[in-house]
Each structure stands twice: as C-alpha cells, then as structure tokens.
Amino acid sequence: MSPRSRYLESTVAAVLPRKMAFVGGPRQVGKTTLALSLLGMNADETHPGYLNWDNPLHAARIRRLELPAGEPLLVLDEIHKYARWRNLVKGIFDTEKSRLAIVVTGSARLDYYRKGGDSLANRYRYFRLHPFSLGELGSAPTKGDVDALLRFGDSRSRSCGRTSANGASGNGTASRGSCATTFATSSTSGRFR
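Taking the working numbering, the leading residue of the sequence shown gets 10, the next gets one more, and so forth.
Written out as structure tokens, the structure is:
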C-alpha cells in the first residue's frame, strides 16, 4: 500500500520551527499517524521521540521530564489527559524551543482553556484533522472511491469494517473503528530526520 499524505502535514511541519503544533480532531482520523510521519519514514509508537500518556511508562517519563536525548521532534500523544499538561508543555517549550519542536495530539479540544494555569498564548498553533476528504483521494476519484470514502473513510478499504455473518471483519484484521487510522498514513519524508 502506498503512503498517503494528509492535507495538514506540510502546514504542521511549517509551523514547528516557531511554535508548537496542537493536532486535534475526532477519534480514529489519523492524528497519531500524522504526528509519527513527522518523526520519520518508518516511525511508529516505539520511536524515541514519541511519548503517549496512555502508556504508563511514557507517562512516568513525561512527569519526570525525561525527554528523549538528541531528538529534534517530540510528539506528546494524549497528554491532555494529564491535569497539569498545559504548564508542563509550556515549561518544556520555553526551555527547549531552540533545540526541540513539539507536536501535541489528542481528541479533546486542545485549544480550550479553563480559567487558571499558565497561558500558552503565542506558543502554539491549533490544527483540526478531519477524516479523509474527496480531495485527498486524488485528481480523478471514481464513484466507487466516493462510495467507499462515505462508507469506510478510504477508497482502498472497501472491505474494511464489513462483517460476515459470524461477526468477523471483512478483511480479517481491521475493525470499523480502526479503518481511518489503518489507511490514514502520511508522507514518508520525515521532516525532522
């Protein structure tokens, strides 16, 4: 399967030398996949620049401010689940911005702030990632592509999410909820490698 670049990838990469990029949006649209693509061509959840708050080992490292040495980009996935995440991210950005770019991802409204806490004003740009669009399919999508996009999120996933009579997934591996992330791959250029 050939990788697919998402519509926000180059815009997010362009912001990073000056500001943090916050990438939000609905679940399963490819926020993590987009962020990992910025880490490099074959980056996955084991990349040292990727820290996910849902991973207890990563959460402990984040709380201790154990940042990956020598990595030019830090991806903080689901960090909004930490009550004091804004202060933490602000501190990292203010002390490391000359050597470290930061991408924050999550399905919560990352640009919504309650009263109190440190302000992140002028330190980030918020991006909202949406599911695949017709424009991302290419210059001449077919009716089948459009139908598959409306049904499953990607033209190459026609069997993605379909279930057989016994409840098994149509392609044997993906469930309907994972279709967008399975096929929401981004460019393999690796902007920060």
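All residues carry an ideal CB built from backbone N, CA and C; glycine is no exception.
Residue environment, residue i, which counts as buried when at least 16 other CB atoms sit within 10 Å
i, result
"His89", "buried"
Per-residue DSSP class, three states only, for residue i
i, result
"Ala68", "helix"
"Gly79", "coil"
"Phe102", "helix"
"Leu129", "coil"
"Leu146", "helix"
"Thr114", "strand"
"Ala157", "helix"
"Leu47", "helix"
Beta-carbon spacing of residue i, residue j below 8 Å
i, j, result
"Leu60", "Ala52", "no"
"Arg108", "Leu129", "no"
"Val38", "His139", "yes"
"Glu243", "Trp62", "As displayed, the chain neither begins before 10 nor continues past 202, which places residue 243 out of reach and without an answer."
"Arg72", "Lys99", "no"
Extent of the continuous beta strand (DSSP E) run through residue i
i, result
"Arg137", "Tyr133 to Arg137"
"Asn61", "Tyr59 to Asn61"
"Gly39", "Note, Gly39: premise wrong, no beta strand (DSSP E); not H, not E."
Whole-angstrom C-beta distance between residue j and residue i, which should lie under 8 Å
i, j, result
"Leu48", "Gly58", "5 Å"
"Phe136", "Leu17", "5 Å"
Boundaries (first-last residue) of the alpha helix (DSSP H) holding residue i
i, result
"Thr20", "Glu18 to Val24"
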